[in-house]
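Below you'll find the structure, written out as structure tokens, and then a few comments.
There are 2 protein chains.
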Amino acid sequence: MAILIDGKKVAKEILENLADETVFMNPVPGLAVIIVGEDAASKIYVNSKKKKAAELGFNSIVVELPENVSQQELLNKIEELNNDDKIDGILVQMPLPEHINKNDVIEKINPLKDVDCFHPYNVGKIASGNKPYVYPCTPKGIIRLLEYYDIEIEGKNTVVVGRSNIVGRPMAQMLLNMNATVTICHSRTKNLGEITKTADILICAAGKANLITEDMVKDGAVVIDVGINRNKDGKLCGDVDFSSVEKKASYITPVPGGVGPMTICSLMVNTIDLHRIQKNI
Amino acid sequence: MAILIDGKKVAKEILENLADETVFMNPVPGLAVIIVGEDAASKIYVNSKKKKAAELGFNSIVVELPENVSQQELLNKIEELNNDDKIDGILVQMPLPEHINKNDVIEKINPLKDVDCFHPYNVGKIASGNKPYVYPCTPKGIIRLLEYYDIEIEGKNTVVVGRSNIVGRPMAQMLLNMNATVTICHSRTKNLGEITKTADILICAAGKANLITEDMVKDGAVVIDVGINRNKDGKLCGDVDFSSVEKKASYITPVPGGVGPMTICSLMVNTIDLHRIQKNI
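Have a look at this one:
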């Protein structure tokens, strides 16, 4: 029976330590989250980010722009925040409306304030084996979890399922930079089960309920489930068939309460790190 | 017996077509190669690049700087070339002397003139699944070879051995962007042979003579050998034990005459592409 990786607990510990640091900071770290339109899920994410940042005493602002905002107006707002020294980190909540070019928006953010590590300059730093200003939140949170549970990465066979810019791609790069052997699988992969079965550490970020079943997992594997899906009964679930896979894995993350809490935790850590870099402290 | 992938022939064809285009270009494309110090191998590479560019009628210049040049002098020279509109592509020959920070130098090059695609901005474009201004020369040359021989990439299991910023890392990203399943192996990989044996397309860029032996290759695999080594007799050889592996592979590149000629060919193509972008033609 696998050991449960308790992201909720680890995130709570990290955030408590952060609070001890930030309480004495003056000026305080600043996080600006931009949301465009009325997407319900996005609003929930944005509010929880704002709330957590406020709890830590950050200068926490949310910029709400209408669905029909022009790209130029959005870029102007980012430029304004780039030049606002009370703001250390800028996050643009995805998805954006069709009429806005996502890449233009990401590239408008000053790489020094790129709290999500989406700017090509920062992405390229990781992909070149160098350090970006900060690492992307979810992969960073996953590495923190592996380290917390003393799970070795160097020399391990790791398989990442999913190639999003938010999780899969940077995760693969970061594992490679930590001397893991890395395989990245995706929707066009032909023999997924054969490949996932080779993984010492399996990271699933495909966004497909029950994609990973027991027969696709090696005995004793570490299984990290990044998926957040709803099953037919509307119940929250990951990409992994938890009940069967937990019998085979050595470690496994639950959904919810696994990777999820680490993402917002990393966002807070990143904001403080960018604050330190920009304020030279 | 494997079909020999004739990089020399393919490169020659591409360069002949380029010559037909460039002869009518006015202004002509400009390539500047900077070399620091007296490294013999570097001088040979630089001269062949200069010669090829000159053959194509480019504005082809080589900037030779002494081993003890200061980093600031080097950065100033790059800045000068960034502002020189007779120069479309800038290449700094590696390796650089110890006292110079390689990353500072690479990041000084205007991404629009980054003919090798080493700048983090361009690397990050590829790593985000987007198009850089131009692709790195050696991986680009390998893709051209695979396309020339109608070797399908999408959905194939590809294994890249070696994680350099010149070949291994960008090669893996480019294969992923072409919908291959990609595994990247390196010096810390524990079961290299088991992994290379799963490859439909195996790309070896480790720089180790005879690293890849027959027992590490799947029947009918496509084997691309990027290595340039010398064996004990001082004879040029790749990373692959050619004589035994060619019996098992469906396609294989020789060393020399395989990938090598494609690299300089890509450099010429990239210079013209950057010329077109910067001159809007």
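One line per chain: the protein sequences are A and V, in this order. Counted the way this note's numbering counts, the first sequence spans residues 1 to 281. Counted the way this note's numbering counts, the second sequence spans residues 282 to 562. Cβ atoms here follow ideal geometry from the backbone N, Cα and C, with glycine treated the same way. Since we're looking at a predicted model, the values are computed, not measured.
Exercise for the section: Starting from V314 of chain V, follow the beta strand (DSSP E) in both directions and report where the run begins and ends. Expected result: For the purposes of this step, residue 314 of chain V is taken as the residue at position 33 of the second sequence. From DSSP, the beta strand (DSSP E) with V314 of chain V extends over 311-317.
Handout entry: 4 or more residues per run - each alpha helix (DSSP H) lying fully within the segment 151-216 of chain A
Key = 168-177, 192-196
Handout entry: Where A54 of chain A falls, given that 16 or more other Cβ within 10 Å makes a residue buried
Key = Within the first sequence, numbered from 1, the residue matching residue 54 of chain A stands at position 54. Classification for A54 of chain A: exposed.
Problem - Proximal residues of chain V, C-beta to C-beta of K102 of chain A below 7 Å - result: Here the question's residue 102 of chain A lines up with position 102 in the first sequence. Within 7 Å Cβ-Cβ: nothing; K102 of chain A doesn't reach chain V, min ~10 Å.
Exercise for the section: Name the two residues that bound the continuous beta strand (DSSP E) containing I371 of chain V. Expected result: What you label residue 371 of chain V is simply residue 90 of the second sequence in a count that begins at 1. First-last of the beta strand (DSSP E) with I371 of chain V: 370-373.
Exercise for the section: Kindly indicate which three-state DSSP category D366 of chain V falls into: helix, strand or coil? Expected result: Working through the second sequence from its first residue, we reach residue 366 of chain V at position 85. Note: D366 of chain V maps to coil in three-state DSSP.
Exercise for the section: Establish whether the CB of T183 of chain A and some CB of chain V are separated by less than 8 Å. Expected result: In the first sequence, counting from the first residue as 1, residue 183 of chain A sits at position 183. It does: the Cβ of T183 of chain A has a partner Cβ on chain V nearer than 8 Å.
Problem - Residues in the segment 116-141 of chain A having any Cβ partner in chain V nearer than 9 Å - result: F118, H119, P120, Y121, N122, V123, G124, K125, I126, A127, S128, G129, N130, P132
Exercise for the section: Determine, using beta carbons only, whether A440 of chain V and V507 of chain V come nearer to each other than 8 Å. Expected result: To locate residue 440 of chain V, count along the second sequence from 1; it is residue 159. To locate residue 507 of chain V, count along the second sequence from 1; it is residue 226. As written in the sequence, residue 440 of chain V is Val, which differs from the Ala given in the question. No; because the gap between Cβ atoms is not below 8 Å, this pair is not in contact.
Exercise for the section: Rounded to whole angstroms, what's the CA-CA distance from V504 of chain V to T189 of chain A? Just pull it up for me. Expected result: Along the second sequence, one-based indexing puts residue 504 of chain V at 223. Along the first sequence, one-based indexing puts residue 189 of chain A at 189. Taking the straight line from one Cα to the other gives about 20 Å.
Problem - Close beta carbons around S250 of chain A, own chain, < 8 Å, minus the five adjacent residues each side - result: The residue labelled residue 250 of chain A in the question sits at position 250 within the first sequence. Contacts found: A2, I3, G220, A221, V222.
Exercise for the section: Report the residues of the segment 351-366 of chain V with a CB closer than 8 Å to any CB of chain A, ordered along the chain. Expected result: none
Exercise for the section: In the DSSP assignment, find the alpha helix (DSSP H) that holds L145 of chain A and state where it starts and stops. Expected result: Indexing the first sequence from 1 puts residue 145 of chain A at position 145. 137-148 is the span of the alpha helix (DSSP H), which, as asked, contains L145 of chain A.
Handout entry: Simplified DSSP assignment, three categories, for V521 of chain V
Key = Along the second sequence, read from residue 1 onward, the residue named residue 521 of chain V stands at position 240. The answer is strand: DSSP assigns V521 of chain V an E or B state.
Exercise for the section: Would you mind giving the Cβ-Cβ distance between G89 of chain A and L31 of chain A, rounded to the nearest angstrom? I have them listed as a contact below 8 Å. Expected result: Position 89 of the first sequence, counted from the start, is the residue given in the question as residue 89 of chain A. Position 31 of the first sequence, counted from the start, is the residue given in the question as residue 31 of chain A. That pair is a contact at about 5 Å.
Problem - 7 Å Cβ cut-off: residues of chain A touching K471 of chain V - result: The count along the second sequence starts at 1 and reaches residue 471 of chain V at position 190. Neighbours of K471 of chain V on chain A, chain order: G155.
Problem - Any chain V beta carbon closer than 8 Å to R230 of chain A - result: Translated into the one-based positions of the first sequence, residue 230 of chain A becomes position 230. Output row for R230 of chain A: interface = no.
Exercise for the section: Could you check what DSSP says for Y251 of chain A in three-state terms: helix, strand or coil? Expected result: Indexing the first sequence from 1 puts residue 251 of chain A at position 251. Residue state, collapsed to three classes: strand.
Problem - Residue range of the unbroken alpha helix (DSSP H) whose run includes N403 of chain V - result: Residue 403 of chain V sits at position 122 when you count from the first residue of the second sequence. 401-408 is the span of the alpha helix (DSSP H), which, as asked, contains N403 of chain V.
Practice task
Following the continuous alpha helix (DSSP H) through N270 of chain A, name the residue where it begins and the one where it ends.
Solution key: Taking the first residue of the first sequence as 1, we reach residue 270 of chain A at position 270. 260-279 is the extent of the alpha helix (DSSP H) around N270 of chain A.
Problem - Element boundaries [alpha helix (DSSP H), containing N17 of chain A] - result: By 1-based counting over the first sequence, the position of residue 17 of chain A is 17. Unbroken alpha helix (DSSP H) run through N17 of chain A: 7-22.
Problem - According to DSSP, residues forming a beta bridge with E64 of chain A - result: Position 64 of the first sequence, counted from the start, is the residue given in the question as residue 64 of chain A. According to DSSP, which records beta bridges pairwise, E64 of chain A is partnered with A:I35.
Exercise for the section: Within 10 angstroms of the Cβ of T213 of chain A, are there 16 or more other Cβ atoms? Answer buried if so, exposed if not. Expected result: Position 213 of the first sequence, counting from 1, holds the residue named residue 213 of chain A. Looking at its Cβ environment, which holds fewer than 16 other Cβ atoms inside 10 Å, T213 of chain A is exposed.
Handout entry: Proximity to Q454 of chain V [Cα-Cα], best of V:P413, V:E475, V:Y430
Key = As a working mapping, residue 454 of chain V is identified with position 173 in the second sequence. Comparing Cα positions, the closest option is V:P413.
Problem - Per-residue burial, H556 of chain V [other beta carbons within 10 Å of its own, 16 or more giving buried] - result: Mapped onto the second sequence, residue 556 of chain V falls at position 275. The residue in question, H556 of chain V, is buried, as its Cβ has 16 or more Cβ neighbours within 10 Å.
Practice task
Return the residue from the list A:T271, A:I281, A:I264 that minimises the CA-CA distance to Y45 of chain A.
Solution key: Position 45 of the first sequence, counted from the first residue, corresponds to residue 45 of chain A. Checked all of A:T271, A:I281, A:I264; the closest Cα to Y45 of chain A is A:I264.
Exercise for the section: Please list, in chain order, all residues of the same chain as N458 of chain V whose beta carbon is under 8 Å from its beta carbon, the five residues on each side excluded. Expected result: Along the second sequence, one-based indexing puts residue 458 of chain V at 177. Result list for N458 of chain V: I407, G410, in chain order.
Handout entry: Three-state secondary structure (DSSP) of D225 of chain A
Key = Here residue 225 of chain A corresponds to residue number 225 of the first sequence, with the count starting at 1. DSSP places D225 of chain A in strand when its eight states are reduced to three.
Practice task
Output, in sequence order along the chain, the residues in the segment 144-169 of chain A whose CB is closer than 7 Å to any CB in chain V.
Solution key: E154, G155, R163, N165, R169
Practice task
Evaluate contact between the segment 532-551 of chain V and the segment 319-333 of chain V, counting only Cβ atoms and requiring at least three cross-stretch pairs below 8 Å.
Solution key: yes
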